[in-house]
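Undergrad: My structure is below; once you've seen it, I'll send some questions.
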């Protein structure tokens, strides 16, 4: 199985209210996409930190939804690439009124019907939207590291993909620590001797 980073999305916080109102006014006068960008409250995520969404190209491939920050990282493997599945996972994982920045994949169009701000960028035209400055470039390094670490192993199994991503998330949250020592510490913490 190959997982290609074809469709990317990123959820970022909106500016503070006064700045936000200025930006809303500016966007309404300059862009037909502005109605997707203007929301009158700040973006707050359920677990704090930015949210990144990664969906991949092939229908039979698994996709990944990734929420990552320096404090928290969550990955959800999606077996189904439908807009309905994607929207359901977003509703479960992302606080309403958040800003979701995506590329122009048609599956994301359902977000316009939800309670999310949804600026998007058409990669066939540009990588950063010239008016909203929306882009999907921040997730790429995290996704590249996840793929690279998975490729390093010989004979990776599709059935074990979820456990590989759990290990990746665990290592991401334990930078600079000895994995063996940390594993022993966590085993003792969660399963103390009787």
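Residue numbers (UniProt numbering): 1 to 194. C-beta atoms are modelled at their ideal positions from N, C-alpha and C, and glycine is treated no differently.
If you pair each beta-carbon of the segment 151-171 with each one of the segment 110-128, do three or more pairs fall below 8 Å?
TA: no
Undergrad: Anyone know if the C-beta pair for residue 77 and residue 172 falls short of 8 Å?
TA: no
Undergrad: Strictly by DSSP, which residues pair up with residue 135?
TA: 128
Undergrad: Is the beta carbon of residue 90 closer than 8 Å to that of residue 118?
TA: no
Undergrad: With distances taken between CB atoms, is the gap from residue 103 to residue 121 smaller than 8 Å?
TA: yes
Undergrad: Relative to the alpha-carbon of residue 110, which residue among 96, 179, 84 has its alpha-carbon at the smallest distance?
TA: 84
Undergrad: Identify every residue that forms a DSSP beta bridge with residue 156.
TA: Per DSSP, none; premise fails for residue 156.
Undergrad: Per the DSSP calculation, residue 117 is bridged to which residue(s)?
TA: Note: residue 117 sits in a beta bridge opposite 99.
Undergrad: Could you please give the first and the last residue of the uninterrupted alpha helix (DSSP H) stretch that includes residue 94?
TA: Neither: residue 94 is in no alpha helix (DSSP H) and is coded neither H nor E.
Undergrad: Do you know offhand how far residue 28's Cα is from residue 107's?
TA: Residue confidence for residue 28 is low, a pLDDT of 38 falling below 50, so the modelled location carries little weight; the figure read from the coordinates is stated next. The alpha-carbon atoms of residue 28 and residue 107 are separated by roughly 25 Å.
Undergrad: Taking the alpha carbon of residue 82 as the reference point, which residue from 116, 105, 169, 138 has its own alpha carbon closest?
TA: 105
Undergrad: On the three-state DSSP scale, how would you describe residue 173?
TA: DSSP, read as helix, strand or coil, puts residue 173 in coil.
Undergrad: Let's test the definition: count the other Cβ atoms within 10 Å of the Cβ of residue 188 and tell me whether it reaches 16, buried, or not, exposed.
TA: exposed
Undergrad: Compute the Euclidean distance between the alpha carbons of residue 94 and residue 112, then round it to the nearest angstrom.
TA: 15 Å
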